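Down below is the structure, laid out as structure tokens.
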């Protein structure tokens, strides 16, 4: 890229001209000019105004050539019969010119015809596509895939946010299913990866610099071992780009979110003494949850509610208020919110429904405007509220929740929020926060990321979402945050049927799932494939220490579990260490002669506790091993709780020596293994009964995070 | 196929000649002859012995032609520079002949050269590959895929057992990822599906008729809208095919298995009165399990064990014995087994380890020979034994198991067997049988299929396996049995790392996973992707009634669950019904105005029990809906157990009217939903807390079975 001279003036002139002429697309020569300005290599070419000019141009660049119609009114040239390839001689060029003009006129009688483009004909190498699109949530994205119909059928294409870094671009070359094609197969040459990466970066910069470029296609690009040339360029423009969603600075977000999530004083607007009312449940949760800050019930008539002095309006409260929790019907929200604004309250938790989700987008727009005017950040509307356990704060009408821990969870949907609460309690997964985002009129996932990033009580962030109102802001925040704390996301509406349901639920248009997939990866986000996975990852990842390398070893009493655990390792991108000879010998010392060393280490089923202990200790002590997966087989010789306690002992003994490695366990046995699994989990070894998949999925997620954060 | 005259004599002559000459491959003309005999279309061609002959042949069939070296010593013609395509004139043909001969000599100086094949040049249409391979477990398989390097890279190929039916062949065309390519993309023509299916069937018959054909490739085959021609044929032979595994008749299997699994009398060889001994555990399990048949302890010295008269040998027992359970060291098994044979006992349950799995294949071979000699079927060795609950029979040293039901499970591995027992007990999944197969020296999955097929206490068969000793026998049995009862299989060693572990565990070579995938599908087998799935499918499938059609409707209180449930429907191949206008109106009558009808039917979160009842009742009553997925959201208005009891009531009310449809439920809420899920499950509605995936996976599995069994 270093030798590129960006000619911005030339690009500006072209785009201004296209705009002035009211066109939606650039002509081929205009496209070439933009490519030239950004150092994107294109074939030699020229535009002929008549047959003789075509012959002259073609002779100059050498036969064979490709000839194509140039007309602002003809976008699909092939369809119009406007492309002839393999033109081999002066005679053929002359005939081709006439034919193309005739075809174009037949296709569209009133088409304005600029001439016929004569272009150096490229061949050989691997055909690829490099392009760019504009996504409603993520903005400009650069795309890469192989050329050809088959790839289209298989939808084998990969995206990154534009502008893309060189590393992003290189990762795209490995990010397609058919990546091996670029490495040279059946004796073919590998492509010039640097040249392709340069071209990807240039395209991503071009669309980033000129937002009016809504779509761009270099198709095909011929990639050979010594370069890459774009044979055709198609650029579509749209001068009516939507205004970006307002985005407070990171500092402002953190400042506001810290007051909202860790308030010194809260007001409950619509507080009630009457059982069954939402405003009553919220008051009780605040009080019974053990919140130690000020609580101000707001009520039009009452003087006192549940022992707390009540006020007519937040404006009647003398002291500062950090968080106003709304428990009043939708139609009264705007008025009360204005008072919050006038009082200088930084955040409103809008529990009421009856806004965009219920066919009243105008009501929602009204409160959004009030929020912006007074700088009140809005959580919701249409939410259950939130929990922040370090402050014993249950700002919700759901049941109080009190199992403290370091996982911060959020959900766009109330139902999923209730599932989070139930699972958390049942699995004894401690949480720092559970937050409902609902309609996301204002506060969304990236605001939460910014808050939890600096919240000392949070070590992992797990989010359920159906859409991202500002995918780009999310991606930027996630990329930063995931370097410090794991970010797990369950994106609902993954599939087309799912996406349809999302749209009827929230009025949000769920994006192309492949875009989410790739951007999440680019941002270091661990993607959960199911609700249960989101929950298990949130529970298990913080429990595990970060691995220091990729070498995973399975130690199992059940050979059958070893096979299934190996399957899971492959499914979850884990590397089974190829066992060095000396280690193999060392393991063999501890196991019966018919046991199998190698990896899995199969200690066989009838072994006493000591065999588990010896092998696991060896696995922890040897520096070349970075993580252990244990497969336990229930026998009378080593009962479940004996195994569990012994493993925890070994773990603690090693930890005392400064050795900490991630360990997970799969327990096969009668019902007693459930108690053993729970004991192991509570002592830092994620363990599952009757499953060879879940423990490996959790370990795999930890590895994904460590890799994304650059720790491996 | 009707107009094909199979010329078996010609084929036999060719293959005999190849054998006589000690060759491993057929020449192109020999390959063409086999194709002709089986009606497989190939291009016009001839072999030229000199340049002038080549010109004459080419002129006769019309230019362009392809010219290829013919030499029994050159298999990879392209590599040898022995192929020239697009030969356009007499002059070019002459030059091509000389060049090919020169290249061939340069490639392999001592190659015997028959001449140069001149072949009609094909082009256009879609290039595909049709082939056949010989698998160690499944035998002859026919394969189909697209042509080209990209498809190789993506490994997009599909297999069926040979001989394949016409339906099998047609299903292969839809069985590749890139199936759309065959339907005509970007305005291209669709291929002639009948012609391709014919060719697949013919290839499968050819390799079936002549087992010495170990590999066959038609590559490429040019498929156009009006036919298919194989441009090149490569046939590899192997005259040393392994002898097929001995296979008793289905009648003999059922007869023996009925005596073994439902014995009137059992002997325990190695019975012991001493606590902690395997022979003691087996005795206790038989007695305490409540087995009502005769029990004969066999012991070298004891007169009586645990109150039962003991015998020195099975031969000392006066009455008939059906099953001999072995609890003695490996080295004594052969002797005792011979006595069983002499006594005429039809089955031996070989608990002892120390055979092939422990590096003693000769010990195993010895007992296999004894079993064959005396017609004693062998279960194991190296197993936990088996349970058959209808007879209260616990023929195992593991804990007794007594939760009766209709699921029959088996496992190759003891550890997985213990996981089955634990899960079954914990989830209250009733079973008819749990069987350990271990080393599978004799009795294997297909023997169990034949038994459970006719066992009136079994309604579903779920099997864990690492390999199939006789994949073809399994596939044939599964195809038959799965028409009547669902067959679920967890194939371990799926992935290459997993397969490696399988091989170190059992000494069995795990096959290519794609072959298992395709053959399972062809045989109507439901494949479980994980241990938990195997268990959940075994539990859930028998609970659900069989759906009468593909229309699935989601009814949910939580919009968020609706989106995730929709995702799961797509993941599991279920069709969300597109809601007819009148039904939409009918649903809307029951839900708030801001709820979303359509599908999912979103009744919204704050609704009373009656709304769930009205909508679910409507869903059950309307004939156009065939299955329901319920999404419950825990609220104070409709608590979990209220919901659960109401749903069971509605289900029973409808059942009384003769309406039975599969229903599953996903429960989002606080921990009380766990009790509700269990209640629902026990009353015929598979339900899961905190998961939107599991209920849909179970419903999806039921659908897979119904489709495979031809019930949909």
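Residue numbers (UniProt numbering), protein chains in the order written: chain A, 1 to 712; chain B, 1 to 712. All C-beta atoms, glycine included, are put in the ideal place defined by N, C-alpha and C. Predicted model only: the values in this text are computed from it and were never measured.
Measure the alpha-carbon distance for residue i versus residue j and round it to whole angstroms.
i: residue 230 of chain B; j: residue 168 of chain A; result: 44 angstroms
i: residue 597 of chain A; j: residue 588 of chain A; result: 6 angstroms
i: residue 16 of chain B; j: residue 250 of chain B; result: 35 angstroms
i: residue 171 of chain A; j: residue 152 of chain B; result: 22 angstroms
i: residue 638 of chain B; j: residue 133 of chain B; result: 59 angstroms
i: residue 682 of chain A; j: residue 327 of chain A; result: 38 angstroms
i: residue 665 of chain A; j: residue 645 of chain A; result: 13 angstroms
i: residue 542 of chain B; j: residue 700 of chain B; result: 13 angstroms
i: residue 68 of chain A; j: residue 517 of chain B; result: 48 angstroms
i: residue 481 of chain A; j: residue 379 of chain A; result: 21 angstroms
i: residue 53 of chain B; j: residue 33 of chain B; result: 21 angstroms
i: residue 37 of chain B; j: residue 204 of chain B; result: 13 angstroms
From this set, the options, which residue's C-alpha is nearest residue i's C-alpha?
i: residue 590 of chain A; options: A:41, A:113, A:556 and A:578; result: A:556
i: residue 277 of chain A; options: A:124, A:13 and A:397; result: A:397
i: residue 372 of chain B; options: B:442, B:361 and B:606; result: B:442
i: residue 611 of chain B; options: B:627, B:593 and B:623; result: B:593
i: residue 662 of chain A; options: A:544, A:649 and A:602; result: A:544
i: residue 472 of chain B; options: B:489, B:456 and B:446; result: B:446
i: residue 642 of chain B; options: B:675, B:319, B:617 and B:322; result: B:675
i: residue 416 of chain B; options: B:463, B:575 and B:453; result: B:463
i: residue 351 of chain B; options: B:429, B:435, B:316 and B:400; result: B:435
For chain A, check one thing: does any of its Cβ atoms lie closer than 8 angstroms to the Cβ of residue i?
i: residue 44 of chain B; result: no
i: residue 153 of chain B; result: yes
i: residue 690 of chain B; result: yes
i: residue 557 of chain B; result: yes
i: residue 419 of chain B; result: yes
i: residue 605 of chain B; result: yes
i: residue 673 of chain B; result: yes
i: residue 416 of chain B; result: yes
i: residue 185 of chain B; result: yes
i: residue 471 of chain B; result: no
Taking its Cβ as the centre, do 16 or more other Cβ atoms sit within 10 Å of residue i, making it buried, or is it exposed?
i: residue 80 of chain B; result: buried
i: residue 275 of chain B; result: exposed
i: residue 21 of chain B; result: exposed
i: residue 509 of chain A; result: Low local confidence applies: a pLDDT of 28 at residue 509 of chain A is under 50, so the model's placement there is unreliable, with the coordinate-based value given in what follows. When all chains shown are included, residue 509 of chain A counts as exposed.
Using a C-beta cutoff of 8 angstroms, does residue i count as contacting chain B?
i: residue 356 of chain A; result: no
i: residue 159 of chain A; result: no
i: residue 388 of chain A; result: no
i: residue 633 of chain A; result: yes
i: residue 333 of chain A; result: no
i: residue 174 of chain A; result: no
i: residue 53 of chain A; result: no
i: residue 150 of chain A; result: yes
i: residue 497 of chain A; result: Reliability of the predicted coordinates at residue 497 of chain A is poor, the pLDDT of 49 falling under 50, and the value obtained from them is presented with this limitation in mind. Closer than 8 angstroms: yes.
I believe residue i touches residue j by the beta-carbon criterion, under 8 angstroms. Please report the beta-carbon distance rounded to the nearest angstrom.
i: residue 254 of chain B; j: residue 268 of chain B; result: That pair is no contact at about 25 angstroms.
i: residue 116 of chain A; j: residue 195 of chain A; result: So it is not a contact: roughly 29 angstroms between Cβ atoms.
i: residue 451 of chain B; j: residue 488 of chain B; result: At roughly 16 angstroms, the Cβ-Cβ gap does not stay under 8 angstroms, so residue 451 of chain B and residue 488 of chain B are not in contact.
i: residue 321 of chain A; j: residue 296 of chain A; result: 7 angstroms
i: residue 485 of chain A; j: residue 459 of chain A; result: 6 angstroms
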